[in-house]
Amino acid sequence: ATENDWTIERDGDAYVVTGAWVDKIMGSVNIDDYESRQYMDRMLQSAGIYAKLEEMGIQEGDTVSILGFDFDYVR
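Each residue of the sequence shown is one higher than the one before, counting from 19 in our numbering.
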């Protein structure tokens with residue numbers, strides 16, 4: 019799985035991020051741990067996922083869903 023192995027689709031009001039690379043990253047993230055979530059944020063940023071979400075028109079407060087973990091987009 020490479021850093022470019024992901025896709026984003028709209029599902030209603032949510033932006034759903036999928037792909038082998040995202041699965042790999044999320045498998046190493048402990049959502050309950052702040053530093054682990056910061057790692058996830060850095061990885062999503064470096065992979066260009068946030069840039070693609072912005073290109074797709076995401077707005078602050080919109081929902082992003084990755085492997086069943088939903089969070090509000092904040093930039």
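Cβ atoms here follow ideal geometry from the backbone N, Cα and C, with glycine treated the same way.
Computed from a prediction, not measured in an experiment: that's the story for all the values here.
- Counted as a single uninterrupted DSSP element, the beta strand (DSSP E) harbouring TYR33 occupies residues 32 to 36.
- DSSP places GLU21 outside any beta strand (DSSP E), giving it a letter other than H or E.
- Rounded to the nearest whole angstrom, the C-alpha separation of ASP23 and THR81 is 21 Å.
- Looking only at SER83, VAL92 and TYR52, the smallest Cα-Cα distance to GLY30 is reached by SER83.
- Every unbroken stretch of the alpha helix (DSSP H) spanning 4 or more residues and falling wholly within the segment 43 to 67 is given here in chain order: 52 to 64.
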